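Residue numbers (my numbering), protein chains in the order written: chain L, -18 to 271; chain E, 14 to 322.
No residue lacks a Cβ here, since even glycine has one placed at the ideal position from N, Cα and C.
Quick caveat, the model's predicted, so the values are computed rather than measured.
Note sheet for the following structure.
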Amino acid sequence: MYSNFYGLTQDPFRLTPDPRFLHLAEPHRNTLRAMVEGVVGRKGLQVAIGPIGTGKTTLLYCLQHILSHEATRERPLRSAFVVNPTLTPDELFEALFDELEIHASAPTKPARLRALHELLLASHKSTSAVVVIIDEAHLMPPELIEEVRLLMNLDNYPVNVLQVILCGQPELLPLLTKPELAALKQRISVVTKLRALTLTETRAYIAERLHVAGLRGESPFSTSALEEVFRLTNGVPRLINSICDHALGVGFRRQLKKLGADAVLEAAEEMGWEQPAPVAPAESLAKTAS
Amino acid sequence: MSKFFNETRTVRKTDSVPATANVDIQDLVSSLKQHMESNGAAASHSGQIDLQHLLQPLEESDGVASKVAAVRLENCRSIKLPRTEERSFLVSQYNPAMQAAVEAYRTLRTRLVKQQTRTGARSLVITSSAQGEGKTLTIFNLAICYAKIENWPVLVVDADLRTRGLSILAGDPESPGLAEILERDCSYQSAILRTDIPGLHILPAGETSASPSELFSGQRWKEFMGWAAESFRLVLVDSPPALNLADFELIASSCESVMVVARARKTPRESLAKVLAQVDPRKITGVVFNAAEETPENGYYRYTAKAGA
């Protein structure tokens, strides 16, 4: 609604999983690049951690999206995305097989393993890969993580065919150091960490997003507005997106070409944010957004 | 090869006792292994996934940073950096005898890039305890090394309004410069200069009769640094010596990181310690040990990370 008023051709703060239409902040681009390189370099098991709202799930969708662009008829690149891993081992298998579009001859474990084997063999022959992405992995019970390791044991090719990415909040790392998961820990080849943005990164992120959305002149955010955005969000990208979006809405209603700190505060009030960075409301906000 | 593989499998199947599902998997695994041994890992390398192609959207996204800088400075003046002078500062390209130094600057850049990725800092002020320890030389060569990275726009700011060393090295361009930005509402675009090195911009010191400490204590310096760090991926600030002048602390307050240059056999240990004690320890990026003796292990220049914290 405010796009025309600010000379924008598209919505600057919307999230889409396609990286071609998505401008990520610098640390996130680096993390995503590391993950893509990890899969293509066949590193096997990767772990990615980051605090709430820093964009883990968005990155994983981007990763899947980027990889799916590489899939061809001759070289299908299969990927499975498990969003909620609070499952029993059986349910995990069911979810994985659904996602990978493998049809086992019978719903028994041996039949499923055989089917997976065949997929791995086919992928190996076509120099392709099978990617398993597990989000919110910090919620996984240890026996389920162990199940993932056993799954990876099936893959005994010189170049790993099965690529597993465990992604979760920072609690995931201590979870993986438990003695019963020592075998899995040894297999981790890449650990990527996401962090929230600094003040200048926040400013640069907003400037770059506005540029991508078509802005060519002065930024509508004044320095004081940007500092307020940072103070309210602590540099968490999800919160930055929503407050900037609302602040531009406020500016449009008041016909302000340049936003001050007050417009940002008004936007925060509109959204019912307590000050500063409200962690809990942000979480519920994200759920409705996704 | 797959034909061969299928055959071996068939033979085995007929030979073996009808198996349970589990045994079948073992069977499959061992035949897979056989297949791989005979097939070799060579096949797996042919037609590998094209990483470059996959990373393309991300690289395009990276390029936005330089586009923002380009759009914001569309109409700025351009200068050609002087290169033929005796005291050429462009060590990196035009003095083959200084290859060790070039290498040292590159190493310094690489370490800073790594640190930047971790801390997210986009502005770096370089200082020393006294005049003539190599701040300006370090800053210039570092900036040139940075500008060589694709999509890494760099701005070099001459904040030493008293001696204007960096501006003089850059050919003493005409005003306006930083002083005019701080003193009155001078547009950033009219003061910043595009150089003939792609990705490298310079803001000369400019001219003023006001006291530099006064200029840096105003809100405009903070505003400018905020704008600069959002438009460039790195802003390098050349500051006056840290001891005995109020300027440095005012300058550093709007920068995210600080690097100190010390010159071998010149900088007294105590002065270096004093400078480091002045700086917020969270901001200290490292100390550049300039003009160190050349030994087989280290070149002319050496960089010690995280010396002061």
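Bridge partner(s) assigned by DSSP for residue i
i: Ile169 (chain L); result: L:Leu26
i: Leu247 (chain E); result: E:Val167
i: Ala275 (chain E); result: E:Phe302
i: Ile146 (chain L); result: L:Gln27 and L:Ile114
i: Ala61 (chain L); result: L:Val113
i: Phe202 (chain L); result: L:Leu240
i: His324 (chain E); result: Absent from the structure is residue 324 (chain E), since the part of chain E shown begins at 14 and ends at 322.
i: Ile297 (chain E); result: E:Val271
i: Arg90 (chain E); result: E:Leu206
i: Leu263 (chain E); result: DSSP output for Leu263 (chain E) lists no bridge partner at all.
i: Ser136 (chain E); result: E:Val248
i: Ser141 (chain E); result: E:Val274
i: Lys174 (chain L); result: L:Ile30
is_contact[residue i, chain E] using C-beta, thresh 9 Å
i: Thr204 (chain L); result: yes
i: Val193 (chain L); result: yes
i: Thr179 (chain L); result: yes
i: Val210 (chain L); result: no
i: Ile221 (chain L); result: no
i: Ile114 (chain L); result: no
i: Arg130 (chain L); result: no
i: Leu207 (chain L); result: yes
i: Arg176 (chain L); result: yes
CB contact below 9 Å: residue i versus chain L
i: Leu71 (chain E); result: yes
i: Ser57 (chain E); result: Note that Ser57 (chain E) scores 41 on pLDDT, short of 50, meaning its location in the model is unreliable; the coordinates nonetheless yield the value given after this. It does: the Cβ of Ser57 (chain E) has a partner Cβ on chain L nearer than 9 Å.
i: Val167 (chain E); result: no
i: Trp240 (chain E); result: yes
i: Val77 (chain E); result: yes
i: Asp293 (chain E); result: no
i: Leu249 (chain E); result: no
i: Lys93 (chain E); result: no
i: Ser203 (chain E); result: no
i: Ser244 (chain E); result: yes
i: Ser136 (chain E); result: yes
i: Glu163 (chain E); result: no
i: Lys296 (chain E); result: no
Cutoff 8 Å; reference residue i; Cβ partners in own chain excluding five residues on either side
i: His214 (chain E); result: Ala82, Leu86, Cys89, Pro166, Val167, Leu168, Val169, Ile205, Leu206, Arg207, Thr208 and Phe245
i: Leu153 (chain L); result: Val28, Ile30, Ala118, His119 and Leu147
i: Leu135 (chain L); result: Leu94, Leu97, His98, Leu101 and Leu143
i: Leu263 (chain E); result: Ser226, Phe229, Ser230 and Trp234
i: Ala92 (chain L); result: Ala85 and Ser86
Contact list for residue i against chain E, beta-carbon separation under 7 Å
i: Ile146 (chain L); result: By Cβ distance, chain E contributes nothing, its closest Cβ being about 15 Å from Ile146 (chain L), past 7 Å.
i: Leu13 (chain L); result: Leu71
i: Ile273 (chain L); result: Absent from the model: residue 273 (chain L). The displayed extent of chain L is -18 to 271, so no value can be given.
Own chain partners of residue i with C-beta closer than 7 Å, once the 5 adjacent residues on each side are dropped
i: Phe(-6) (chain L); result: Arg190, Asn222, Cys225 and Asp226
Partner residues on chain L for residue i, Cβ-Cβ distance less than 7 Å
i: Asp198 (chain E); result: Residues of chain L passing the Cβ test: none, with the nearest at roughly 14 Å.
i: Lys80 (chain E); result: His192
i: Leu68 (chain E); result: Arg14 and Val17
i: Leu64 (chain E); result: Glu18 and Val21
i: Glu236 (chain E); result: Thr204
Sequence-distant residues of its chain with Cβ nearer than 6 Å to residue i (five each side left out)
i: Phe(-14) (chain L); result: Phe233
i: Gly178 (chain E); result: Thr149
i: His272 (chain L); result: Outside the displayed span of chain L (-18 to 271) sits residue 272 (chain L), for which this structure offers no information.
i: Val113 (chain L); result: Ala61 and Val145
i: Leu266 (chain L); result: Interpretation of Leu266 (chain L) is limited by its pLDDT of 36, a score under 50 that renders its predicted location unreliable; the figure taken from the coordinates is listed afterwards. Answer for Leu266 (chain L): no residue qualifies.
i: Ala56 (chain E); result: Confidence at Ala56 (chain E) is low in this model, with a pLDDT of 40, below 50, so its placement is unreliable and no value can be given for it.
Proximal residues of chain E, C-beta to C-beta of residue i below 9 Å
i: His4 (chain L); result: Ser74 and Val77
i: Glu51 (chain L); result: Ile62, Asp63, His66 and Leu67
Within chain E, partners of residue i - CB distance below 8 Å
i: Pro8 (chain L); result: Thr130 and Gly133
i: Ala188 (chain L); result: Val81, Glu243 and Ser244
i: Arg184 (chain L); result: Gly239, Ala242 and Glu243
i: Glu80 (chain L); result: The premise fails here: Glu80 (chain L) is roughly 20 Å from chain E at the closest Cβ pair, so nothing lies under 8 Å.
Cβ of residue i within 9 Å of any chain C Cβ
i: Ser266 (chain E); result: This model lacks chain C altogether; the protein chains it does include are L and E.
Neighbouring residues, chain L, relative to residue i (Cβ below 8 Å)
i: Val84 (chain E); result: His192 and Arg197
Per-residue contacts from residue i into chain L (C-beta, under 9 Å)
i: Ala269 (chain E); result: At residue 269 (chain E) the sequence reads Glu, which differs from the Ala that was named. Correct list: Thr179, Leu180 and Thr181.
i: Glu262 (chain E); result: Residues of chain L passing the Cβ test: none, with the nearest at roughly 19 Å.
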